[in-house]
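UniProt numbering numbers the first residue of the sequence shown as 1 and each following residue consecutively.
Since the structure comes first, as structure tokens, the remarks are kept for the end.
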Amino acid sequence: MTTAAQLEASQRVRFCRSSDGVRIAYAVHGHGPPVVLDACWLSHLEFDWRSPVWRHYLVELGRVATVIRFDERGHGLSDREVSDFSLRRRVDDLAAVVDDAGLDRFALIAMAQGGPVSLHYLHEQPGRVTRFVCASTYSGAGQHVTDDDRDLEAAFEAMIRAGWDRKDPLFRRVFTTMMIPDAGEEQMAWLDDLHQRAVSARTAYLSRRERGKADATHLLPHIDVPTLVVHSRHERMNSFEHGRALAAGIPGARLVPLESNNHILLESEPAWPVFLREVTAFLAAGSAESGAGRTRGVHALTARELEVLRLVARGSDNATIAADLHLSVRTVERHLQRIYAKLELSGPSARAGAVANLLGSPPSTR
């Protein structure tokens with residue numbers, strides 16, 4: 001079994017630009033079919049590995065999948081000086097990461113505030129996501145809220161502005177307690193610290209306000225991908241009603257209630273192995289279905305891979321292909337790697353062999 005240290009050492013941090021030029025930091029680690037984690041509110045690609053709150057997520061998912069995750073704009077290693085945190089930009093950020101990583105089809109996990117972003121991406125990019133997991137998230141933050149909830153949110157915003165940048169964690173501890181009420185002091189202190197490491201008070205305030213406006217509830221009946229909803233039954237950040245509504249609204253979705261008070265599941269609590277078993281089994285079923293339907297030869301290539309291969313056949317080098325298709329050279333290289341893998345080619349002759357496969361095959365209808 002791959003150790004936690006080996007998985008951490010395998011992480012590679014990369015950068016891409018979103019539609020408005022903002023640089024988004026993303027990281028890749030683990031082994032297996034690709035799984036994308038939509039950005040959470042508080043994250044730091046490097047700091048998370050030392051976390052008693054997040055590390056078990058990274059380790060266990062990395063043992064069964066190639067995990068691609070990214071810091072939200074304005075957070076972590078992504079560009080910090082950002083003013084636009086709209087839903088449109090956040091969907092574009094997810095798309096930019098997926099494209100730069102060279103992913104054609106992948107599983108997607110939406111956690112915390114990631115629901116609306118992921119739902120919009122699914123609607124705009126049908127067929128690219130193989131499996132969809134909703135983990136303690138929502139379709140819209142403004143759904144299923146009471147007047148008391150609105151008053152509480154106003155108080156949260158005031159605490160962010162007044163206490164986020166304070167040296168003592170008094171105000172940040174309120175958010176920590178809401179997220180992991182059953183945690184010990186070490187875990188709570190780490191999450192207190194993450195608040196300041198991940199994001200400034202200004203960005204925390206602005207991004208939280210925009211998240212409150214994001215809504216994709218109207219898209220739920222149109223989501224056509226196998227979906228698993230896992231939600232802590234007694235958590236305080238996103239009520240269980242959000243998870244129930246997601247499962248009821250997405251055709252064929254399955255709901256797994258988790259007996260937990262925590263928004264972020266702790267490694268030591270009974271709900272964690274339930275979450276891990278359900279999610280990994282769900283993702284594995286998707287991988288098996290994909291493998292069973294895979295065919296060999298050029299007809300197994302995606303439309304984008306065929307575009308790349310046709311340009312190779314014309315004698316274009318990687319830089320020229322990148323310019324012609326408006327991609328980065330690195331993305332072209334990843335497309336070629338997947339082409340070689342699908343055609344079972346390797347070594348110095350792989351490029352020529354791929355062209356030979358293309359020229360020797362009848363036209364594809366893909």
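Even glycine gets a Cβ: it sits at the ideal position worked out from N, Cα and C.
Between the beta-carbon of residue i and the beta-carbon of residue j, is there less than 8 Å?
i: Thr176; j: Leu152; result: no
i: Leu358; j: Arg310; result: yes
i: Val7; j: Gly62; result: The sequence given here places Leu at residue 7; Val does not occur at that position. Their beta carbons are under 8 Å apart, which means Leu7 touches Gly62 by this criterion.
i: Val60; j: Leu276; result: Just to set this straight, residue 60 is Glu in the shown sequence, not Val. Yes, Cβ-Cβ distance for Glu60 and Leu276 is below 8 Å.
i: Leu258; j: Ala183; result: no
i: Ala198; j: Leu42; result: yes
i: Phe101; j: Leu283; result: One point to set straight first is that residue 101 is Ala, not Phe, in the sequence displayed. Their beta carbons are not under 8 Å apart, which means Ala101 does not touch Leu283 by this criterion.
i: Ala245; j: Thr227; result: no
i: Asn261; j: Ser232; result: yes
i: Asp48; j: Leu94; result: no
i: Gly163; j: Arg172; result: yes
i: Ile68; j: Val28; result: yes
i: Thr66; j: His31; result: yes
i: Arg330; j: Ser200; result: no
i: Val308; j: Leu345; result: no
i: Gly82; j: Val22; result: This sequence places Val at residue 82; Gly is not what is there. Contact: yes.
i: Tyr340; j: Ala350; result: yes
How big is the Cα-Cα spacing for residue i and residue j?
i: Thr3; j: Val35; result: 19 Å
i: Leu77; j: His44; result: 7 Å
i: Arg128; j: Ala96; result: 14 Å
i: Ala323; j: Asp104; result: 19 Å
i: Glu157; j: Lys213; result: 14 Å
i: Ala5; j: Gln11; result: 10 Å
i: Arg161; j: Pro33; result: 41 Å
i: Cys40; j: Phe15; result: 17 Å
i: Val332; j: Lys342; result: 15 Å
i: Ser18; j: Ile109; result: 20 Å
i: His56; j: Ser316; result: 44 Å
i: Pro181; j: Thr217; result: 29 Å
i: Thr130; j: Ser328; result: 25 Å
i: Arg338; j: Pro126; result: 21 Å
i: Arg202; j: Leu301; result: 45 Å
i: Gly115; j: Val64; result: 23 Å
i: Leu194; j: Ala204; result: 12 Å
i: Asp224; j: Leu87; result: 21 Å
i: His299; j: Pro221; result: 32 Å
i: Leu325; j: Glu124; result: 20 Å
i: Glu185; j: Ala319; result: 52 Å
i: Asp168; j: Val174; result: 12 Å
i: Arg50; j: Thr280; result: 23 Å
i: Tyr26; j: Ile321; result: 24 Å
i: Asp215; j: Ser207; result: 14 Å
i: Ala9; j: Arg334; result: 21 Å
Answer with buried or exposed for residue i, where buried requires no fewer than 16 other C-beta atoms within 10 angstroms of its C-beta.
i: Leu122; result: buried
i: Ser139; result: buried
i: Arg209; result: exposed
i: Leu170; result: exposed
i: Ala292; result: Low confidence applies here, because Ala292 scores a pLDDT of 47, under 50, leaving its location unreliable and the question unanswered by this model.
i: Asp148; result: exposed
i: Ala154; result: exposed
i: Gly249; result: buried
i: Gly286; result: buried
i: Glu72; result: buried
i: Thr146; result: exposed
i: Ala135; result: buried
i: Ala247; result: buried
i: Arg211; result: buried
i: Ala271; result: buried
i: Met237; result: buried
i: residue 372; result: Residue numbering for the chain in the displayed model covers 1 to 366; residue 372 lies beyond these limits and cannot be assessed.
i: Met1; result: exposed
Could you round the C-beta distance between residue i and residue j to whole angstroms and report it? I think they count as a contact, below 8 Å.
i: His242; j: Gln113; result: At roughly 11 Å, the Cβ-Cβ gap does not stay under 8 Å, so His242 and Gln113 are not in contact.
i: Val355; j: Ala313; result: 5 Å
i: Phe70; j: Ile24; result: 6 Å
i: Met179; j: His263; result: 4 Å
i: Val117; j: Val91; result: 5 Å
i: Gln187; j: Val53; result: 5 Å
i: Val230; j: Glu269; result: That belief does not hold up - the Cβ atoms of Val230 and Glu269 are roughly 14 Å apart, past 8 Å.
i: Arg89; j: Asp20; result: 6 Å
Let me see if you follow: with CB-CB separation under 8 Å, is residue i close to chain B or not?
i: Tyr26; result: Of the protein chains in the structure, only one exists, and it is not chain B.
* Asked: Which parts of the region 100-131 are runs of the alpha helix (DSSP H), unbroken and 4 residues or longer, counting only runs that do not cross its ends?
  -> 115-124
* What are the uninterrupted segments assigned as alpha helix (DSSP H) that are 4 or more residues long and contained completely in the region 212-288, given in chain order? -> 240-249
* Curious, which full-length beta strand (DSSP E) runs of at least 3 residues does the region 156-190 contain? -> none
* beta strand (DSSP E) runs contained entirely in the region 3-62, provided each spans 3 or more residues -> 12-17, 23-30, 34-37
* **beta strand (DSSP E) runs contained entirely in the UniProt domain "HTH luxR-type" (294-360), provided each spans 3 or more residues** => none
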